[in-house]
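Undergrad: Protein chains in written order, with our numbering: chain F, 1 to 280; chain G, 1 to 699. What follows is a structure written as structure tokens; I'll ask about it next.
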Amino acid sequence: MIYDLTHRTLYKYSEPSLFARHLLHLLPRTRSGQHVREACLTILPVPDFRFDEVDYFGNALTTIVLVAPHDLLEITLRAVIEVEAPAASNAAAAGGRACGATAAEIAEFSVTTALTRADAAIAALAHDAAAGRDDAFGVGLATMRAIHERFTYRPGVTSVATTAAAALARREGVCQDYAHVMLAALRVLGLPCRYVSGWLRSGEATRGAEQSHAWVSLWTGPGRGWVDFDPTNNIVVGCEHATLAWGRDFDDVSPVRGVIRGGGQHIPTVEVAMQPRASG
Amino acid sequence: MTLGTRELAARKAALRRMAAVQLPGLARAPEYDPLPVMLPSGLAARLGRALCRRAALLGGVIDDLYSVRSLVAAGTVSAATLSAADGWLRQMVGDAGLVAPRLALYAADLAIDAAGGAVVLRDHVDIVPGLGHAIALRRFTGAAMPELVRSVTLVGRGPVIERWREDLAHWAGGGLVALLEGEAENAADDGADAALLARAIGAPRLRPADLDCFGEAPEFRTLTGSRPVRLLIRRMAASAIDPLEQGGNPAAGIAGVLGALRRQQLAMLNAPGSGVINEPAIAASIEVAIGAAHEAQFGEPMMLCAGAGADLPIVPLAPESESAAMGEAACVLRLFALHCGSSGWVALPGGLGLVQGPDGMTQMKDVWVVDRGEDAEMPRLPVRGAVSLARAATSVLPSRAADDLFWLGRAVERLEAAGRLCALAQSGLAEASALPHEQFQRELILRCLAHQQLISPDLAGRNVAARQLREAIRGGAVFAPLIEAARRLVAATSDRFSPTMLATIEGALERVLAARAAGLAELVPAIFGFAATCAGVIGEDAARDGALLFATLGQRLERLFGMAGSFAILLDEEGGRLAAGASLAIELIDAGMTCEQRYGGIPEPDTALRLLLADPAYPRSLLFQAIALAEGFERLGAAAEAAEARAIGVALKAAAGSASPRTALAAVEARAADLSSALTGRLFAPPASCQHRDGAAPA
Numbered sequence: 001m002i003y004d005l006t007h008r009t010l011y012k013y014s015e016p017s018l019f020a021r022h023l024l025h026l027l028p029r030t031r032s033g034q035h036v037r038e039a040c041l042t043i044l045p046v047p048d049f050r051f052d053e054v055d056y057f058g059n060a061l062t063t064i065v066l067v068a069p070h071d072l073l074e075i076t077l078r079a080v081i082e083v084e085a086p087a088a089s090n091a092a093a094a095g096g097r098a099c100g101a102t103a104a105e106i107a108e109f110s111v112t113t114a115l116t117r118a119d120a121a122i123a124a125l126a127h128d129a130a131a132g133r134d135d136a137f138g139v140g141l142a143t144m145r146a147i148h149e150r151f152t153y154r155p156g157v158t159s160v161a162t163t164a165a166a167a168l169a170r171r172e173g174v175c176q177d178y179a180h181v182m183l184a185a186l187r188v189l190g191l192p193c194r195y196v197s198g199w200l201r202s203g204e205a206t207r208g209a210e211q212s213h214a215w216v217s218l219w220t221g222p223g224r225g226w227v228d229f230d231p232t233n234n235i236v237v238g239c240e241h242a243t244l245a246w247g248r249d250f251d252d253v254s255p256v257r258g259v260i261r262g263g264g265q266h267i268p269t270v271e272v273a274m275q276p277r278a279s280g
Numbered sequence: 001m002t003l004g005t006r007e008l009a010a011r012k013a014a015l016r017r018m019a020a021v022q023l024p025g026l027a028r029a030p031e032y033d034p035l036p037v038m039l040p041s042g043l044a045a046r047l048g049r050a051l052c053r054r055a056a057l058l059g060g061v062i063d064d065l066y067s068v069r070s071l072v073a074a075g076t077v078s079a080a081t082l083s084a085a086d087g088w089l090r091q092m093v094g095d096a097g098l099v100a101p102r103l104a105l106y107a108a109d110l111a112i113d114a115a116g117g118a119v120v121l122r123d124h125v126d127i128v129p130g131l132g133h134a135i136a137l138r139r140f141t142g143a144a145m146p147e148l149v150r151s152v153t154l155v156g157r158g159p160v161i162e163r164w165r166e167d168l169a170h171w172a173g174g175g176l177v178a179l180l181e182g183e184a185e186n187a188a189d190d191g192a193d194a195a196l197l198a199r200a201i202g203a204p205r206l207r208p209a210d211l212d213c214f215g216e217a218p219e220f221r222t223l224t225g226s227r228p229v230r231l232l233i234r235r236m237a238a239s240a241i242d243p244l245e246q247g248g249n250p251a252a253g254i255a256g257v258l259g260a261l262r263r264q265q266l267a268m269l270n271a272p273g274s275g276v277i278n279e280p281a282i283a284a285s286i287e288v289a290i291g292a293a294h295e296a297q298f299g300e301p302m303m304l305c306a307g308a309g310a311d312l313p314i315v316p317l318a319p320e321s322e323s324a325a326m327g328e329a330a331c332v333l334r335l336f337a338l339h340c341g342s343s344g345w346v347a348l349p350g351g352l353g354l355v356q357g358p359d360g361m362t363q364m365k366d367v368w369v370v371d372r373g374e375d376a377e378m379p380r381l382p383v384r385g386a387v388s389l390a391r392a393a394t395s396v397l398p399s400r401a402a403d404d405l406f407w408l409g410r411a412v413e414r415l416e417a418a419g420r421l422c423a424l425a426q427s428g429l430a431e432a433s434a435l436p437h438e439q440f441q442r443e444l445i446l447r448c449l450a451h452q453q454l455i456s457p458d459l460a461g462r463n464v465a466a467r468q469l470r471e472a473i474r475g476g477a478v479f480a481p482l483i484e485a486a487r488r489l490v491a492a493t494s495d496r497f498s499p500t501m502l503a504t505i506e507g508a509l510e511r512v513l514a515a516r517a518a519g520l521a522e523l524v525p526a527i528f529g530f531a532a533t534c535a536g537v538i539g540e541d542a543a544r545d546g547a548l549l550f551a552t553l554g555q556r557l558e559r560l561f562g563m564a565g566s567f568a569i570l571l572d573e574e575g576g577r578l579a580a581g582a583s584l585a586i587e588l589i590d591a592g593m594t595c596e597q598r599y600g601g602i603p604e605p606d607t608a609l610r611l612l613l614a615d616p617a618y619p620r621s622l623l624f625q626a627i628a629l630a631e632g633f634e635r636l637g638a639a640a641e642a643a644e645a646r647a648i649g650v651a652l653k654a655a656a657g658s659a660s661p662r663t664a665l666a667a668v669e670a671r672a673a674d675l676s677s678a679l680t681g682r683l684f685a686p687p688a689s690c691q692h693r694d695g696a697a698p699a
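This is how it looks when you write it as structure tokens:
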């Protein structure tokens, strides 16, 4: 499936921002089963400095610096992304790195973080879901379902700083909260898993489209490799999702983070459209 | 040569006095002991060689962990342990390498037994403490114990330090080298170690607030513009060094500094993240690995291995006082190694002896290596000499320092003005009668006190009993925030005063602090004494266009601002009582003597106005302040501010000739406030940063 993607982030500042330095995770990464045909990040006002790097997790990382006062900042990604069905991609890459994971990677994604620290409730959820199952994929499915059943999708009640424990206590939140709870639960069980940020095909009867989306990738072992689960929609990720970046939790892949001087109040608005190409 | 215990105690005191003079502003002088630890040259050479080997091996481990990660792939270092380690800095992983080695400064705390065997009690691979003390203590000890120095020939440290400085300059590409200090890390010894190290290598001491990454590399904000910094000797924790990438308080770090390191626009000693190998679970496996590597590389077991519980040698300790006896204490030896570019690691001859004094405080001793002329293993370094050192940097005034001095001037003046106003209130309220003009004067005083935020506005707006007002100001509580502000700013600017000048100012401030409990009768004179002391010290330096010019500007600007505000109330023509207000204004600025001499008493209101507002030669007139400000701004090259100060002067002359000066004075007060804002915004520290990590919160 080939998608045309537009992701527009707009900051309007109540007072001019005098100086700004931002880190952007907004250029999609390539992975097994996903080919980024084109990707262009347009920033207005044009930054005085821009540096493009690859971060520790292999994501594209862009640093921009604006030294002139500005009262709005618009960051637009236009990309063409080709996504394959996971089964095909895993088969194609069998034996290769895509279906394997180094000890370092497995260790990295087994470590709990501030946002994914489990409490007793998360541990109980994890152990209930894993009971009687000895394969990671099955545990992943059961955990995803357990979270989906308990949670109510409700935007605006949590923030990017909400921890997994706090989200589960509320039993409501958005995709990031679903993902953090699932990560915390899987890590309680010793299963390596990563937070994935990306996009969901527009117009589907799913939650999280037309915005940034987040889900979980679970290391299921050398046979099946990394498998992505979308607990918000209770689905195993197919070719309806495009990956932007991954890390241990949201903090590793925050789309825009920055340090600014001035600016007063600012609320970002985000518009996303991920449309399949008719010819794709 | 024999020195008695009394003389040794005196030498110890002399040693600490010397250090205190060299380190003004410290709450407590470094705990030095004048008796050096003697290290036989043969043992010193063996230890130095082993230290350098250990440093090289540890540096190799750090490089491996942050680049190819072969030790993780081989299972030598557990991936799980590394990933869970607090000191593991993912942002510093990369194959491209850095400008300088990740580990370029190293120290080890050693326990040395009588047979010359040594055990490493602790590796210092992150921030390396004590290097400044180690370098300076040689000089201090030599001065305190000249008889000892004359009796031996010591292996000098000069060539090693000089060579290291050249390598620092080389890594900096001839750019600026500086120390980067954090608040918490400095607190342990009041910044003494950092101050001594900075002095030894001729580098400025910077805080995160002094630096900005406008572009690729950090820049040091000075009053003459920004200067790129190319090498930072890190004296702050790596965990919050870059608020952009690591989160946390933006003011506590430098946003973008990790990116600058990755892009090789900056060198940092040691690189952030180097401390990860100190994590106990990692250190144990690394110890095994470097032991094996040492054997493979050098064909012999490693001399310096990590261990614990070793017996420490006992060394003598000079008495703390003339009546005390000689002491002795177990000694840990801290030896230092410096990475000198192509020459590799070089051990600093000697080091620091660390012992616990009778009061439980750690005392530092110099470590002497006697040069017997036979040891070819002591450092003999080629001189690089290709890159000149950026020593001039030490004379550059950071924006932050200028900002602090400016506000010190304002704080001292504000404190003095508050003292004058309270003294006026106290005399005006004593036995206050019901006579109309006295009641009117009392109302004016109340309004001035409220305007200067010394009493609640509620008290100014009604017919307050004299007793109630006296209660409000008597205890001196109104001064508490002003005194605290002055105290904080004296501390912040302490390195800008000579030791004797600082001691003078601190002594005057101590008297203010001591008089707080005694009430206004003692507190106000103490405040006047403090203000006069500061003015004298500041005036002496400012006359030479030193950094204290900024304190003078603050002082003048505050006087213009504060007095304009009070005069706008006192010189209110409403009700035809200008004469009553003018006499209060004269009393407020202590111009009674001048009036007596010039006019034979309190002059008519129009004459008083000319004196108070527009006399260019009278140091307490508002015009005098405006002229002084204009001249100060001109010396700084701040043309716009100078023009505004002169324009304010013109307005003051006009106000003095008018029958209604109140409105003009209120405008002068506002213009002075704007002038302060303009100055701080243009020349000094930028406004506070805020951090966000929202971007596009996923849904």
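Using N, Cα and C, we set each Cβ at its ideal position, and we do this for glycine too. Here the structure is a predicted model, which is why all the values come from computation and not from measurement.
#1: For residue 31 of chain F, list the residues DSSP reports as bridge partners.
#2: Apart from the five residues on each side of it in sequence, which residues of its chain come closer than 8 Å, Cβ to Cβ, to residue 314 of chain G?
#3: Go through its chain and collect everything with a Cβ distance to residue 156 of chain F's Cβ below 7 Å, but skip five positions before and after it.
#4: So, under 8 Å CB-CB, residue 178 of chain G and residue 220 of chain G are touching, yes? Tell me the CB distance rounded to an integer number of Å.
#5: How far does the alpha helix (DSSP H) with residue 150 of chain G in it extend, from its first residue to its last?
#6: I want to see whether chain G comes within less than 8 Å of residue 13 of chain F, judged by CB atoms only; does it?
#7: In or out: residue 267 of chain F buried (at least 16 other Cβ within 10 Å) or exposed?
#8: Hey, is the stretch 154 to 169 of chain F in contact with the stretch 237 to 247 of chain F, meaning 3+ C-beta pairs nearer than 8 Å?
#9: Applying the 10 Å Cβ sphere with the 16-neighbour rule, what's the burial state of residue 385 of chain G?
#10: CB residue 62 of chain G to CB residue 274 of chain G, shorter than 8 Å?
#11: Spell out whether any CB of chain G is found under 8 Å from the CB atom of residue 96 of chain F.
#12: Using 8 Å as the threshold, is the C-beta distance between residue 2 of chain F and residue 43 of chain F below it?
#13: According to the neighbour-count rule (16 or more other Cβ atoms, all chains shown, within 10 Å of its Cβ), is residue 153 of chain G buried or exposed?
#14: Since residue 112 of chain G is in the beta strand (DSSP E), which residue starts that stretch and which ends it?
#15: How about residue 257 of chain G: is its C-beta nearer than 8 Å to some C-beta of chain F?
#16: Strictly below 7 Å CB to CB, what residues from chain G border residue 56 of chain F?
#17: Is the shortest distance between the beta-carbon of residue 696 of chain G and the beta-carbons of chain F less than 8 Å?
#18: Does the beta carbon of residue 244 of chain G sit closer than 8 Å to a beta carbon anywhere in chain F?
#19: Starting from residue 127 of chain F, follow the alpha helix (DSSP H) in both directions and report where the run begins and ends.
#20: Do the CB positions of residue 553 of chain G and residue 632 of chain G come within less than 8 Å of each other?
#21: Could you work out which residues of chain F lie near residue 69 of chain G, taking near to mean beta carbons separated by less than 7 Å?
#22: Do you know how far the Cα of residue 45 of chain G is from the Cα of residue 500 of chain G?
#23: Under a Cβ-count criterion, where at least 16 other Cβ atoms within 10 Å of its own Cβ denotes burial, should residue 135 of chain F be classed as buried or exposed?
#24: Step through the CB atoms of chain F and report whether any lies within less than 8 Å of the CB of residue 182 of chain G.
#25: Find the nearest neighbour of residue 367 of chain G within the set G/19, G/334, G/132 and G/118, judged by alpha-carbon distance.
#26: Which chain C residues are close to residue 229 of chain F, counting only those with a beta carbon under 9 Å from its beta carbon?
#27: At a Cβ threshold of 8 Å, is residue 110 of chain F touching chain G?
#28: Using a Cβ distance threshold of 8 Å, determine whether the stretch 18 to 27 of chain F contacts the stretch 64 to 72 of chain F, with at least three qualifying pairs required.
#29: Under 8 Å: do the stretch 226 to 236 of chain F and the stretch 207 to 216 of chain F share three or more Cβ pairs, one atom per stretch?
#30: Among the candidates G/491, G/519, G/512 and G/535, whose CA atom is the shortest distance from the CA of residue 190 of chain G?
#31: Counting only the same chain and skipping the five closest in sequence on each side, list residues whose C-beta sits under 7 Å from that of residue 181 of chain F.
#32: Rounded to a whole number of angstroms, what is the C-alpha to C-alpha distance between residue 8 of chain F and residue 209 of chain F?
#33: Would you check if the distance between the CB atom of residue 29 of chain F and the CB atom of residue 60 of chain F is smaller than 8 Å?
#34: Determine which residues share a DSSP beta bridge with residue 452 of chain G and list them.
#35: Report yes if the C-beta distance between residue 590 of chain G and residue 662 of chain G is below 8 Å; otherwise report no.
#36: Classify residue 700 of chain G: buried if its beta carbon has 16 or more other beta carbons within 10 angstroms, exposed otherwise.
TA: In short:
#1: F/34
#2: 328, 329, 330 and 331
#3: none
#4: 7 Å
#5: 146 to 151
#6: no
#7: Looking at its Cβ environment, which holds fewer than 16 other Cβ atoms inside 10 Å, residue 267 of chain F is exposed.
#8: With the cut-off at 8 Å, the stretch 154 to 169 of chain F and the stretch 237 to 247 of chain F do not touch.
#9: Per-residue confidence for residue 385 of chain G stands at a pLDDT of 47, beneath the threshold of 50, marking its modelled position as unreliable; no derived number is given.
#10: yes
#11: Reliability of the predicted coordinates at residue 96 of chain F is poor, the pLDDT of 36 falling under 50, and the value obtained from them is presented with this limitation in mind. With 8 Å as the cut-off, residue 96 of chain F does not count as an interface residue toward chain G.
#12: no
#13: exposed
#14: 105 to 112
#15: no
#16: 90, 91 and 93
#17: For residue 696 of chain G, the pLDDT reaches just 49, beneath the cut-off of 50, and the residue's location in the model is therefore unreliable, although a value from the coordinates is still provided. Chain F, which has a Cβ nearer than 8 Å to the Cβ of residue 696 of chain G, makes this yes.
#18: yes
#19: 120 to 130
#20: yes
#21: 104
#22: 42 Å
#23: Exposed, by the Cβ-count rule.
#24: no
#25: G/334
#26: Here the protein chains are F and G, and chain C is not one of them.
#27: yes
#28: yes
#29: yes
#30: G/491
#31: 122, 147, 164, 167 and 168
#32: 14 Å
#33: yes
#34: Listed as beta-bridge partners of residue 452 of chain G by DSSP are no residues whatsoever.
#35: no
#36: In the structure as shown, chain G starts at 1 and stops at 699, and residue 700 of chain G therefore has no counterpart that could be examined.
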